[in-house]
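Take a look at the structure below.
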Amino acid sequence: MNLKIVTVLILWIFVINGQIFNGSESHIEKKCTLSDFVPICTTIEYKSHTDDYDITAICKTTTAKYDGYLFKMANGLRCYDIKINLRTNAVGMPIMFNGVILTSEKKSLEFTVYNSTYLKFNNYMFTKHDIYHQIKYNSTDWTISNMYMYDNAIPPKKFNYNLFLWKANTIEESFKIKWKQRNSIKMCIAISYLLEDESQCTLSMDLSVLNRDEIFDNKTISSYDIIESKVLTTVLFKSDYWLHENETYRLNFNLKRKSSEKYIRNENYYDGYSYRYKTVYAENCKIGIKRISQCTDENGNEHEEILTINAKELQEVLYFTSLTADVYPFEYEPREKSISLISQCLNGGIANKTGCICPPGFKGKNCEHGCGPNKFGTDCAGMCSIHQTQCQQMIFCTKGFGCKCPAGYNGKECNKECTSGTYGVNCEQQCSEGCRFNSCNVFTGVCDKGCTTNYTPPDCKEKYPWLKSPPQLESSADFKSIKLKIDLNSENIQGSSNVKSDYYQIVFKMTSKVSEFQYSEMKEIGEQDSVIEITNLKPGMLYTFGAILVSEDGNYNIENIKTADYYTKCLLPRSTNYDVKLLSGTNYINVTWNKLNDENEEDCKITEYLLKLIYTNTYSSNTAFQPLNYLEEVKSNNNQGYVFENLLPGERYAVQVTAITSLGQSNSSRLSYINTEPYGYIEIKNIKTELNQNSSMIITWDVDQSQTFLPLSYEIKYKVEKQKVNNHFSCSNNVLTNNWTSVLVYHYRKKEISDLIPNTQYVIKVDPKIKGYTYDDNANIIFLKTPISKPNLTPIINENNSWYITNQSVYFSWKINNAECSKLNGFFRGYQIILKDIIEGTQEEKSIKENTITFDELKPDTKYELQVYVLTNYGYNLEQGLLIPFKTKLKYLVPVDELIVYKKNLKRKSIGIRWSFNDTDVIDGFIVIVIDENLSSTKQIIIEPERCIAWPTFYCTTIDNLIPNNQYTIQIKAKSLNYPTGGSTSSVVTNFNDGFADKPENLRTTNVGPTYISFEWDIPWIHNGVLKSFIVNIEEISSKDIDKCCESKPDVEIPVTEELPTYNCTINDLKPGSTYSIGVLSKTSSYGQTSKIHVTTLPFSAASDVEDEQTIQIEESTSAQYYDSTTVNMYDDDNR
């Protein structure tokens, strides 16, 4: 067979539209071409050597005696069996360990250019593990030369390399690499190279396979311009094309200098000048190559590559040095944690200019996600072990973190689980102070007993956000409200940056009272003005104000709230009628006065009174004071009065009272010289309701303006309206009971009611709580219908015959609880069905009205998940679903065993076949396929799984209407409900050539007497023709009386009318004590072989030793008859 030559690879390096690849970041291109009219797509991925790669060196630890070589690290740990795990973005990259680029013996193509910096011999190209000399190349084409590059550090660091330097000294040059593939894998080749600025070349590469004549047929799909690059770069070429085992392949590289046309002058052209075009080729066309290798090993894993450090390589590593490996070039330098960026990285992560580098066992932008037990790698998909020890007794060495125990363990052998309160790599991290009981998962740091108040789950390391500064007073617009300005800029928000705050809310209370905060209406951040007005305050009072941020999960931080105190405006009392009364004695003056009335709610509240006692030694009818000789001032908040004591007797005093409010002193009383609840009917007006999106309603109402400021209490009652049978609209005509729900409201004419049932009519009643009047049941009511909402009803699986699963189909049945119809929250429309393929991650979605579903054409032996949601006119609720995980059954039934043609009937043109099948519980029949090899025709029969009569553990059937001279192939396969088209096939080839029948099976005696012998035998295994009869031969071979010995008896023919398991016969009139030879043979169209036994009759008494006429009696078996559904007229010799 000729091998087909297909070109699968084109080297596409580095200039796209003239741009230069700077090597600072990786990118991917895809190119599709046609080869022999077959599309082949190649993914070309360029990788920078300065990126952070997912590389983990793992070695096993031990403190016990070990026969092999143990490596001792600086932290005292000893390890062996080191494996370098390259994951995700590191697969295919050249990995440097202990100054040497590692190679793998599992790759068919891999060679590396080494320099003498790390080796003790001259520069050379090195192909490791090529013990079979499979890789061929011409070393004379190679020149090893120093080239260098700078990295992106500040200041840049210079790296010198010894690379294979290939120069295009002529217009076009090429070199070839040939190798023999040791295993079959998808094509993936990696090339690490360096290209200088002045290079002006095109480089193409084609892949060819050696045909049967050992000739390479090269076919280049396309070629591309070279991109200038001053940094070492690795390019990966990957496609779905397979490189096959034991095939020889060749890479052909072609380096071609670029050319351009220049217009030059010809001299001495008839003493004049002429011009012509000349092709000029670019100079200094060269490229440096460090490594050419297949990307993956013999396992072909595209996401992981494992390199093993053998004992010899490990012995070359100096003690107390790091076992860290990284992409070449690599010099191990432990990273220092950045002071400015460390707060961004969690769980021990290290910050760099691009983000965070996570320790083993953690991932995420800020290393916020723990991998959990037995996992590592930046994608947390690497697995430590398939054993229960998981990551125990392993050391993880990574760039930037050195060598430490994996997350969750510490100790000399890394086998001790972290103690309570610690977690992470080497147990170096402390559980967050927000963890309840200081308890967290040792692998991830997630608080396993929940968070304390104000901390965000699951790791509880950060608090819910709060504002750094309290609300600022914008204005005090009127006497019962204050306008506050809230700074919602991100600079004023402290706490977790991973929690989004959707709302903010003002909390406030009177400063002078020990009470709980009151909460204002929530405002959406970004949609509302940051200036908010707080109403229904009391004039002239000092309030404490704060602001909380409500996160998207509804939680907030009240512990760190910042507050400020502000007064509401008020009016100083306009009336100063204190009605001061004085009562004097010889040494005291008892002063009483009236408390100034708050005629208006806006009046400032009086906090205390200032009393002045004025002594004057001159009396005048004029109210003006004379010069004062004595003044005493006291403050009192006792409205019952005050007593000035120890006064001088016989002197004149004057008393003045001044009320003090929150805004200062009011007008004073005149100088005085020695000289007081609602009751009855209150009208409720303007009851209104407003519905919120969160299924709550706000109720407001008014009273008469003259009663606005009375401190009234109200009772709010509501229930489902039932006068129209049932106004749970979701419940059709089902009558549901519902009683009044009562809520008390104090001093407000507004109340929010939550937890209402959507799609339901309510009746709402508002009554004041007063003495002296009782309101009628139908007074002060309104009606309200709530809007529809997402359903809160979950389907449940039916208990009986609710499901079945086959290899390609599934059926499920479910129901909903009609008693909970109010949870529909809308009008029932059916069910939303989602079928998920767990393996492929795909899903199928549909809406149905029935409560059953059948899916066909599923994949056998595959995990699925069926999701069933109640569907209403609102939609469906992803939080209220019936989730049914299931797995389809296996695809095929096993083939039948012991298939054989056991009889042939030339006259009836039929054959009989017999077979066995062990797994009888899973089948419902057999499919018989008859193939006429001469006519190339086929017919198919389906039979019931009924056993053979003659062989109860086997199945039989007869196939009619065949052509005697033709050859047939008979195929049989079992079928079942799961596999209606049958399982695997067994076959037998036959014709009508007749033959001998097998001899009867298991000939044996059943009873022996003096004059008779009873015996039986089993039906022959193979008949070949039609079993017509059995011939029984009886011959006497010895006797007690030698003179009367050895007389012969005629043969007996026993006709066969039916195939039975066992036949029997009794021979009478025999001689006592004689030995007989009994033979039984099968008769078809010819005589078969004979089964024989020797039997001696029992001795008999002399008195009865009379020779009677010898007769033979034949008894046939009367065994029960079993009919096979395919048996036709078994009672006719010619039809059998």
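Numbering (mature numbering (1 follows the signal peptide of the UniProt record, and there is no 0)), first residue to last: -18 to -1, 1 to 1118. Glycine residues also receive a C-beta, built at the ideal position from the N, C-alpha and C atoms. Only a predicted model underlies this, so the values are computations on that prediction, with no experimental measurement involved.
Flag this pair as yes or no: are the beta carbons of residue 1043 and residue 1080 separated by less than 9 angstroms? In this structure, residue 1080 does not lie closer than 9 angstroms to residue 1043 by Cβ.
Between the beta-carbon of residue 641 and the beta-carbon of residue 592, is there less than 9 angstroms? Cβ distance < 9 angstroms, so residue 641 and residue 592 count as in contact.
Flag this pair as touching only if the segment 898 to 905 and the segment 931 to 939 have three or more C-beta atom pairs under 8 angstroms; answer yes or no. Segments in contact, yes.
Check residue 1027 in the structure and name its three-state DSSP category. If DSSP states are grouped into helix, strand and coil, residue 1027 belongs with coil.
Using beta-carbon positions only, say whether residue 957 and residue 907 come within less than 9 angstroms of one another. Less than 9 angstroms divides the Cβ of residue 957 from the Cβ of residue 907.
Length of the line joining the Cα atoms of residue 389 and residue 420: So the two alpha carbons sit approximately 18 angstroms from each other.
Assuming residue 851 contacts residue 808 (C-beta within less than 8 angstroms), just tell me the rounded distance between them. Rounded, the Cβ-Cβ distance is 13 angstroms, inconsistent with contact.
Which runs of the beta strand (DSSP E) at least 3 residues long sit entirely within the segment 708 to 782? Give them in chain order. You should have 723 to 728, 732 to 735, 743 to 750 and 763 to 767.
From the DSSP secondary-structure annotation, give me the bridge partner or partners of residue 408. Answer is none; residue 408 lacks a bridge partner.
Is it the case that the Cβ atoms of residue 490 and residue 519 are separated by a distance below 9 angstroms? Their beta carbons are under 9 angstroms apart, which means residue 490 touches residue 519 by this criterion.
Pairing CB atoms from the segment 441 to 457 with CB atoms from the segment 466 to 475, are three or more of them under 8 angstroms? Pairwise C-beta distances place the segment 441 to 457 in contact with the segment 466 to 475, as three or more of them are shorter than 8 angstroms.
Counting only beta-carbon separations shorter than 9 angstroms, does residue 147 have a partner in chain D? Of the protein chains in this structure there is only one, and it is not chain D.
When the Cα atoms are used, what is the spatial distance from residue 1085 to residue 1022? Residue confidence is low: residue 1085 scores 35 on pLDDT, short of 50, so the model does not pin down where it sits. No coordinate-derived value is stated.
Considering only residues of the same chain and omitting the five flanking positions on each side of residue 948, which have a CB-CB separation below 6 angstroms? The residues are 914 and 916.
Contacting residues, own chain, Cβ-Cβ under 7 angstroms from residue 241 (five flanking each side not counted): By the criterion of a C-beta distance shorter than 7 angstroms, residue 241 is surrounded in its chain by 261, 262 and 263, once the five residues flanking it on both sides are discounted.
Which class does residue 147 belong to by DSSP, given the choice of helix, strand or coil? In the structure shown, residue 147 sits in a strand (DSSP, three-state: E or B).
Closest residue to residue 1047 among 1041, 1057 and 1062 (Cα-Cα distance): Of the candidates 1041, 1057 and 1062, the one whose C-alpha sits nearest the C-alpha of residue 1047 is 1062.
By Cβ distance below 7 angstroms, which residues in the same chain neighbour residue 812 in space, the five residues on each side in sequence not counted? Cβ contact annotation for residue 812 (same chain, cutoff 7 angstroms, sequence separation greater than five): 829, 830, 831 and 853, in chain order.
List the DSSP bridge partners of residue 530. Beta-bridge pairing links residue 530 to 487.
Buried or exposed: residue 798, going by 16 or more other Cβ atoms within 10 Å of its Cβ? The residue is buried, with at least 16 neighbouring Cβ atoms inside 10 Å.
DSSP on residue 902, reduced to helix/strand/coil? Correct three-state label for residue 902: helix.
In the DSSP output, what is residue 9 paired with across the bridge? Paired residue(s): 28.
Own chain partners of residue 757 with C-beta closer than 6 angstroms, once the 5 adjacent residues on each side are dropped: Beyond the five residues adjoining it in sequence on each side, residue 757 comes within less than 6 angstroms, by CB distance, of 749 in the same chain, given in chain order.
Mind reading off the beta-carbon distance from residue 176 to residue 270? Whole number of angstroms is fine, and I expect it under 8 angstroms. Between residue 270 and residue 176 the Cβ distance is about 4 angstroms, and since that is below 8 angstroms, they are a contact.
Could you tell me the alpha carbon to alpha carbon distance between residue 230 and residue 162, rounded to whole angstroms? Distance between the alpha carbons of residue 230 and residue 162 is about 4 angstroms.
Pairing CB atoms from the segment 968 to 987 with CB atoms from the segment 1062 to 1079, are three or more of them under 8 angstroms? Contact between the segment 968 to 987 and the segment 1062 to 1079 is present, because at least three Cβ pairs lie under 8 angstroms.
Considering only their Cβ atoms, is the gap separating residue 540 from residue 486 smaller than 9 angstroms? No.
Give every residue of the same chain whose Cβ lies closer than 6 angstroms to the Cβ of residue 1135, excluding the five residues on either side of it in the sequence, and list them in chain order. The requested residue 1135 does not occur in the structure, where the chain is confined to residues -18 to 1118.
Counting along the chain, where does the beta strand (DSSP E) carrying residue 546 start and finish? For residue 546, the uninterrupted beta strand (DSSP E) segment begins and ends at 545 to 549.
State yes or no: is the C-beta of residue 60 within less than 9 angstroms of the C-beta of residue 364? No, they are not a contact pair.
Can you give me the C-alpha to C-alpha distance between residue 1175 and residue 309, rounded to a whole angstrom? Outside the modelled stretch of the chain, which goes from -18 to 1118, sits residue 1175, for which no answer is possible.
Sequence-distant residues of the same chain with beta carbon closer than 6 angstroms to residue 1133, five excluded per side: Here the chain has residues from -18 to 1118 only, and residue 1133 is not among them.
Classify residue 74: buried if its beta carbon has 16 or more other beta carbons within 10 angstroms, exposed otherwise. By the beta-carbon neighbour count (other beta carbons within 10 angstroms, threshold 16), residue 74 is buried.
Can you tell which of 266, 1014, 1026 and 1051 has its C-alpha closest to the C-alpha of residue 1035? Among 266, 1014, 1026 and 1051, the Cα nearest to that of residue 1035 is on 1014.
Identify every residue that forms a DSSP beta bridge with residue 989. Beta-bridge analysis with DSSP links residue 989 to 996.
To the nearest angstrom, report how far apart residue 1052 and residue 993 are at their CA atoms. Just so you know, the alpha carbons of residue 1052 and residue 993 end up roughly 4 angstroms apart.
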